[in-house]
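Undergrad: Below you will find the structure I want to go over with you.
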Amino acid sequence: MEYVNQRVAQEAAKDPSIYTGFVTPLNIILVAITLYTTYLLYKPSPPAALPRERPAVVFKTFTPRTLLPYNGLNNMPVYLAVRGRVFDVTSGRNFYGPGGPYENFAGRDASRGLACHSFDESMLTKDLDGPLDKLDGLGPEEMESLQGWEERFLSKYMVVGELKAQSDV
Numbered sequence: 181m182e183y184v185n186q187r188v189a190q191e192a193a194k195d196p197s198i199y200t201g202f203v204t205p206l207n208i209i210l211v212a213i214t215l216y217t218t219y220l221l222y223k224p225s226p227p228a229a230l231p232r233e234r235p236a237v238v239f240k241t242f243t244p245r246t247l248l249p250y251n252g253l254n255n256m257p258v259y260l261a262v263r264g265r266v267f268d269v270t271s272g273r274n275f276y277g278p279g280g281p282y283e284n285f286a287g288r289d290a291s292r293g294l295a296c297h298s299f300d301e302s303m304l305t306k307d308l309d310g311p312l313d314k315l316d317g318l319g320p321e322e323m324e325s326l327q328g329w330e331e332r333f334l335s336k337y338m339v340v341g342e343l344k345a346q347s348d349v
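The following block contains the structure:
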């Protein structure tokens with residue numbers, strides 16, 4: 181007990197200006213945290229940025245030859261045609277642009293390939309100045325599949341034109 185009385189006496193004999201009252205290291209840290217949190221809550225926020233508006237697209241009539249450059253190369257947009265409608269699929273560049281799984285449809289009429297679930301070059305129109313593919317020889321299942329693709333494109337992408345044969349322009 182003697183030791184406790186000595187320690188109490190030593191502490192009482194110390195300079196009373198050191199760490200007394202509200203100015204303690206713990207209180208200084210708590211005040212700093214409170215001030216910082218208050219600053220974060222009430223600091224002015226930057227003005228909301230509006231999304232950039234997409235450039236206006238003029239509805240155009242494309243032929244297979246004029247559609248071909250829109251394949252995503254050389255910073256061009258990515259277009260593809262399904263049953264005579266040309267869709268801007270640039271927002272899906274990872275799928276339809278260069279290096280994507282559907283890249284061979286970019287800048288082309290993809291109707292037969294999508295209907296048959298085939299990525300073969302034989303599904304694409306070879307004669308760019310000839311007539312468009314009339315989709316002859318497709319069965320009801322293929323036509324239903326093509327209609328599903330067309331509905332998906334209509335809901336997701338903007339129609340930017342129509343595809344016509346060179347002789348119809």
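Per the numbering used here, residue 181 is the first one in the sequence shown, and the count goes up by one each step.
Glycine included, each C-beta is placed from N, C-alpha and C at the ideal position.
Provide the residue span of the alpha helix (DSSP H) that contains Glu322, from first to last.
TA: Here residue 322 refers to the residue found at position 142 of the sequence shown. Residues 320–336.
Undergrad: According to the Cβ coordinates, are Thr246 and Glu342 closer than 8 angstroms?
TA: Residue mapping note: residue 246 aligns to position 66 of the sequence shown, counting from 1. Residue mapping note: residue 342 aligns to position 162 of the sequence shown, counting from 1. It is not a contact, given that the beta carbons lie outside the stated cut-off.
Undergrad: Would you mind stating whether Arg288 and Leu312 have Cβ atoms separated by less than 8 angstroms?
TA: Residue numbering aside, residue 288 sits at position 108 when the sequence shown is read from its first letter. Residue numbering aside, residue 312 sits at position 132 when the sequence shown is read from its first letter. No. Outside cutoff.
Undergrad: Mapping DSSP to helix, strand and coil, what is Gly310?
TA: Counting from 1 along the sequence shown, the entry for residue 310 is found at position 130. Three-state result, Gly310: coil.
Undergrad: For the structure I just gave you, are there three or more beta carbon pairs, one from the segment 277–293 and one from the segment 256–267, closer than 8 angstroms?
TA: Touching, yes, given that three or more Cβ pairs across the two stretches are closer than 8 angstroms.
Undergrad: Measure the CB-CB distance between Val340 and Val262 and report whether it falls below 8 angstroms.
TA: Locating residue 340 in the sequence shown gives position 160, where the first residue counts as 1. Locating residue 262 in the sequence shown gives position 82, where the first residue counts as 1. Cβ atoms of Val340 and Val262: not closer than 8 angstroms.
Undergrad: Can you give me the C-alpha to C-alpha distance between Leu253 and Pro281, rounded to a whole angstrom?
TA: Working through the sequence shown from its first residue, we reach residue 253 at position 73. Working through the sequence shown from its first residue, we reach residue 281 at position 101. One C-alpha to the other measures close to 15 angstroms.
Undergrad: Please report the residue range of the alpha helix (DSSP H) in which Asn292 lies.
TA: If you number the sequence shown from 1, residue 292 lands on position 112. One detail in the question is off: residue 292 reads as Arg in this sequence, not Asn. Where Arg292 is concerned, the enclosing alpha helix (DSSP H) stretches over 291–296.
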